[in-house]
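A short worksheet on the structure shown next.
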Amino acid sequence: METTPSGTAIDTAVNPYLPIPTTITNITMETAARDIKTFKLGFRNESDAEKFDYTCGQFAEISIFGAGECPIGIASSPMDKGSLQFTVKKAGHVTKAFHSCEEGMEVFVRGPYGNGFPMRDLEGSNIVVIGGGFAFTTLRSLTKFILHPENRDRFGKLTVIYGARSPGDLIYKYDLSDWEGRDDIDLYVTVDKGDETWTGREGFVPTVTQEVGPSSEDAYTIVCGPPIMIKFTIPVLTELGFQPDRIINSLEMRMKCGIGKCGRCNIGDKFVCKDGPVFTYEQLMNMPQEY
Amino acid sequence: MEEKIISKSEIGTLLDKLKEAHSIIAPVHRNGELSFDRIDSADEVVLEYSNTRKAPKSVFFPQQEVMFAYSKTESGTQVREPDLEEDVLLFGVRPCDVRSFLLLDKVFGSDDYEDVYYLRRRENSGIIGLACNNPRQTCFCTTVGSGPFNHDGMDLLLVDLGDKYLAEAVTERGEGMIDNFSDASDADKQKRNDIRENAEKGIKPVVVDLEGLKDKLDGMFDADVWDEFHTKCLGCATCTYLCPTCHCFDIYEEEETNNSGYRLRMWDSCALSLFTLHTSGHNPRTSTKERTRQRIMHKFNYFVHNYDDFACVGCGRCVQNCPVNLDIRDVLSTIAHL
Amino acid sequence: MEDQIRDTAVKLLKDGSVGMIIGYEAGTLPLRASPCVITNAEQTDRLVWNMSCGSNLATYLPSVAKANPDQKIGILAKGCDSRSILGLIKERQIERDGIYVIGMPCSGILDRRKIESDLNGAEILEAHIDGDKLTLSTSEHPASSIQYPVSSIIHSSCSTCQHRTPVLYDVLIEDSSGNPNALSAPDASPYEQVEAMESQSADERWEYFMSEMSKCIRCYACRGACPFCYCTQCFVDQNQPQWFGKTTELSDIAIFHLVRAFHVAGRCVSCGACARACPMGVDLMYLTRKIEKDLDELYGYVAGLDVEELAPFATFRKDDPQEFITEPD
Amino acid sequence: MSEATTDWEPRIVAFLCTWCSYAGADLAGISRLQYPTNVRVIRVPCSGRLDPFYIIKALQRGADGVLVSGCHPGDCHYISGNYVARRRFSILKRLLEYVGIEPGRVQFTWISAAEAERFAKMMRKVTADVKALGPAKRLVKDYGAISRLVD
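Residue numbers (my numbering), protein chains in the order written: chain A, -9 to 281; chain B, 8 to 345; chain C, 31 to 359; chain D, 111 to 261.
And the structure:
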């Protein structure tokens, strides 16, 4: 006998499209251009905090009622319990509305979504984090996670190369200065062009990567940034001996549902929201070039 | 399973009885168009038809629905979900369209995330199908693994024998609906078989052998043919909106006041440019070429990878309604003959 | 006429006058023709010409011209299509020198929907036109045939058409349709449908408008079919801010169509391609023809006739009528 | 209409050009001229700046009436903005009336910076006209149709 629909009992009490309430507990202006803010969100209900179990590299759908919903990478470390952080650039109508929110206001969230970074593979290896501009958010999550005392021993050498257009465009300056002082992380911060106060490194991320020359031995590299940066960094990494399956990227796509239903974020048969956003360079080479 | 006979004059009685327990959705004339809608009385149901222009997928996946309403109050934002518990009975659905529900089930009911809006409507639904005695020229259901008398997914299949219907129960629920009717005779069954054979023959010889199509498409993303198919495409969403299996949607906010509004979900289409447009202005699918390719690849390759089936039931709606007669059968046979 | 079209096409493609020709090929169903682009003389056999060639091929010109900047593009054009081409030249979407217009005398396009609704769901199996006679066999009566006088099932955009001969062409194909309607404008007022509507009450017109709007599924086939909907981003797709509702709520639908009609005001040549493209049979010309009539009446402007004349909303006269201005006293 | 006789007060959106009509409104205020409070003024740089869609959108989102006013023909600060607008509005008004919008719902006029009295009169007239028509029902967003999907 066939039953309709196929399959067993469905728990339709759980609606994956319903967001959960959070409160903005802190807002940090990240850039000189005042177009990127980091929002810290506290869960309204403790049980939600428990349920929102995420790994580095995942994202969430943020709801600003009246404007809509948009996917944002989670910038906090899974070790930071009870709250979430999102670093948001003012770009579309939802992020504009988000930017106009103040501390104490309510924001709704659903997630976590996506596969996240392959933490199990990364454990035990040397990690080379390469980030450009505003795409550093989930990399910051990863870096913070690795640096956490409970985790640091489980990873090898940690190298972080981070670049932005100008000193004013660097995000997480507070973390960067904190990391500068540590000896369990090799941090290289660069800007395309410095200003009169800038005493640090100048140069594009691919060039700096070449100069730094991180070893590919027992190493994974996680690269996030604008397409142009990725394009020129990959050859450098290949030259350094990183195999395609050890170069990890995170993609962006227009998304709506975040759970592989609405059909717009696919690259071939893969949904960036569900099967990604994290893909190895090897995977990407075998996927249609449509992103 | 039981096979009963229902005379045409008794259909009204059957519907009236079923109406006591279910909301019945059947083909009716609305605003000059035959389409599936809730019926007020059995009289308005039209069973002499080939198929509706709009697919009945909208019963479970409406073009527009409220996911929830929100209202901001002093104590926080309240969210209200719609009540979708309705006992719906679809009546007079063609086998191709019923098959589309089975495909949509795979998407909306996939293990990882369950789409409650679709599933809540779908769960309690009953389906009485209507066999397709006279397939249209545009029908190619047999090419995509179905047939004009296919009863998969139905509770009951009705076969028009001229002056009466032969009702084949497919599920126990279907059996229960026809308990009171008399059994079909051998002659009735023979007549049904003849009609079926005739109907299957009436479907144009398989325009393309879809065996191996998926594998072929695996290597065709960058093929030259995509430069040709799309040249006449107007970039409208007719094919996807009328398609019984297309299921892409948009999530959209409708603000009523500063403090209240609705989150809606609405059909969306890979044929439209906004579908994949990033906020940055970058669009991975810039022209009708990429969008046409997406439609074909999704139906005959990506969907097969993910759900082990073609996302096409061969109903022919896109063939009939495409404003420029871009015929998907031609596209498939061109690919098959490459 | 098909022979003459094909001969012309062969010649143009062979001597290199054009790099490609936008024309019609046979559709896959009765009473259908389908737009096509052919690029060599061997493909010219595909070209057809009949009363189902209802797409306005000018729609393809801006994008095809952009994609092929070094090639001259040949295009088949009915009267209405040629007026659209003229409009596109005027709006500098294409260059006159970049195209070669094969003018088609036109005796009107069939209203397939009218026939289908007359057949009440039966499927057309075969169709044949001979002079003023359309003969059909249908799924209901496969053996026998149904006949219509062609003039009774011509699309409403064509029954009042004043420009059956193209207004702009490089070569004009001779009419051999044998159809008495070819080339001659009808006696009826070009705006008779609008006038009939205007004589109804506001309530009746609203009711009609709403019943038409309720059919719309927002597939944007009308926009796709229209030669003047070439905007890189359509107003309805602008989402920062989201001015236009995208829902199927009636006012959202109605406003989309009102604004679209307004956007093509003074440009629309009433070719009817939008109405024929609409899968749901919405009477889209209800709005555009009204605007067309008013522009003619108020400013003497008829679109698609004069490439030099300024568009009606791009100019003004100091003594333009202003009877609509409210005086407080 | 029954609503018109009750306490119902129409909401009217007036798009005024900044150079003439808005200044006229200002003068009306300074001169303490009385006019109904039903009118919500939206200042625009020129009547020619007004996208016809603003008028339709106002109706959709709850305006019972819309008034557009610019400089008198010949007096436009931008020389010809109001002449261009006049053509647009003329066609729009005819189109709206054609689909069934009552003529009094959407009105156009010219008011100069000196015509405070004309401004006040115009506001009184539009308010009275719209009041007589009752609440707008056509082209109004039907939130009921949406809320019925959830409640």
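No residue lacks a Cβ here, since even glycine has one placed at the ideal position from N, Cα and C.
- [ ] Taking residue 251 of chain D as the reference, give the member of B/119, B/263, B/231 with the closest Cα.
- [x] B/263
Task: Residue-chain proximity (residue 83 of chain A, chain C), Cβ-Cβ < 7 Å - done: Yes, residue 83 of chain A counts as interfacial toward chain C.
Open item on the list: Whole angstroms are fine: how far does the CA of residue 109 of chain C sit from the CA of residue 31 of chain C?
Closed with: 16 Å
TODO: List the residues of chain D whose Cβ lies closer than 8 Å to the Cβ of residue 75 of chain B, in chain order.
DONE: Among the residues of chain D, those whose CB is under 8 Å from the CB of residue 75 of chain B are 260, following chain order.
Open item on the list: For residue 258 of chain C, tell me which candidate among C/303, C/283, C/222 has the shortest Cα-Cα distance.
Closed with: Considering only alpha carbons, the answer is C/303.
- [ ] Confirm, please, whether the CB-CB distance from residue 63 of chain B to residue 104 of chain B is below 7 Å.
- [x] yes
Task: Under 7 Å between C-beta atoms of residue 309 of chain B and residue 259 of chain A - done: Against a cut-off of 7 Å, the Cβ pair of residue 259 of chain A and residue 309 of chain B comes out as a contact.
Open item on the list: Can you pull the chain B neighbours of residue 62 of chain C, defined as C-beta to C-beta under 7 Å?
Closed with: 332
TODO: With 7 Å as the threshold, decide whether the Cβ of residue 145 of chain D is near any Cβ in chain B.
DONE: no
Open item on the list: I want to know whether the region 104 to 118 of chain C touches the region 327 to 334 of chain C - three or more CB-CB distances under 8 Å.
Closed with: yes
Task: Start-to-end residues for the alpha helix (DSSP H) that takes in residue 196 of chain A - done: 195 to 202
TODO: Pull up the distance between the alpha-carbon of residue 319 of chain B and that of residue 329 of chain B, whole angstroms please.
DONE: 16 Å
Task: Reduced DSSP category for residue 18 of chain A - H, G, I as helix; E, B as strand; rest coil - done: strand
- [ ] Could you tell me which chain D residues have their CB closer than 9 Å to the CB of residue 269 of chain B, listed as they occur along the chain?
- [x] Those are 253, 256, 257, 259, 260, listed as they occur along chain D.
Open item on the list: In this structure, how does DSSP classify residue 89 of chain B when only helix, strand and coil are distinguished?
Closed with: coil
Open item on the list: If you follow the alpha helix (DSSP H) that residue 183 of chain B is in, where does it begin and where does it stop?
Closed with: 179 to 184
Task: Counted within 10 angstroms of its Cβ, other Cβ atoms place residue 78 of chain D as buried (16 or more) or exposed - done: There is simply no residue 78 of chain D to check, as chain D begins at 111 and stops at 261 in what is shown.
- [ ] Check the Cβ of residue 270 of chain C against every Cβ in chain A and list those closer than 7 Å, keeping chain order.
- [x] 82, 83
Open item on the list: Taking the straight line between their C-alpha atoms, what separation do you get for residue 355 of chain C and residue 273 of chain B?
Closed with: 41 Å
Task: Contacts around residue 137 of chain A, its chain only, beta-carbon distance under 8 Å, and the 5 residues preceding and following it disregarded - done: 148, 169, 172, 174, 175, listed in sequence order.
Task: Given residue 259 of chain B as reference, the closest of B/270, B/251, B/250, B/53 once Cα atoms are compared - done: B/270
TODO: Could you have a look at residue 57 of chain C and say whether DSSP puts it in helix, strand or coil?
DONE: coil
- [ ] Could you tell me whether the region 180 to 190 of chain D touches the region 141 to 148 of chain D, where touching means 3 or more Cβ pairs closer than 8 Å?
- [x] no
Task: Three-way DSSP call (helix, strand, coil) for residue -6 of chain A in this model - done: Note that residue -6 of chain A scores a pLDDT of 32, beneath 50, so its modelled location is shaky and nothing firm can be said.
Task: residue 82 of chain C classed as buried or exposed, judged by whether at least 16 other C-beta atoms fall within 10 angstroms - done: Residue burial is scored here from C-beta neighbours: residue 82 of chain C has at least 16 other C-beta atoms within 10 angstroms and is therefore classed as buried.
- [ ] State the Cα-Cα distance for the pair residue 0 of chain A and residue 70 of chain C, rounded to the nearest angstrom.
- [x] For residue 0 of chain A, the predicted model reports a pLDDT of 39, less than 50, meaning its position is unreliable and no value from the coordinates is stated.
Open item on the list: Distance check for residue 219 of chain A and residue 192 of chain A, CA to CA, integer angstroms please.
Closed with: 15 Å
Task: beta strand (DSSP E) runs contained entirely in the region 141 to 204 of chain A, provided each spans 3 or more residues - done: List check, beta strand (DSSP E) in window: 148 to 154, 176 to 181.
Task: residue 232 of chain B: first and last residue of the uninterrupted beta strand (DSSP E) it sits in - done: Neither: residue 232 of chain B is in no beta strand (DSSP E) and is coded neither H nor E.
Open item on the list: Buried or exposed for residue 237 of chain C, going by 16 or more other Cβ atoms inside 10 Å?
Closed with: exposed
Task: Outcome for residue 168 of chain D when other beta-carbon atoms lying within 10 angstroms are tallied against a minimum of 16 - done: Counting of Cβ neighbours within 10 angstroms places residue 168 of chain D among the buried residues, the total reaching 16 or more.
Task: Residue-chain proximity (residue 194 of chain B, chain C), Cβ-Cβ < 7 Å - done: no
Open item on the list: Any beta carbon of chain B sitting closer than 7 Å to that of residue 218 of chain D?
Closed with: no
Open item on the list: Less than 7 Å between the C-beta atoms of residue 10 of chain B and residue 191 of chain B, yes or no?
Closed with: yes
- [ ] Give a yes or no on whether the minimum CB-CB distance between residue 301 of chain B and chain C is below 7 Å.
- [x] Nearest CB-CB separation between residue 301 of chain B and chain C: not below the 7 Å threshold.
Open item on the list: Residues in the same chain with beta-carbon distance under 6 Å from residue 189 of chain B, minus the five sequence neighbours each way, listed in chain order, please.
Closed with: Closer than 6 Å at Cβ, skipping near neighbours: 12.
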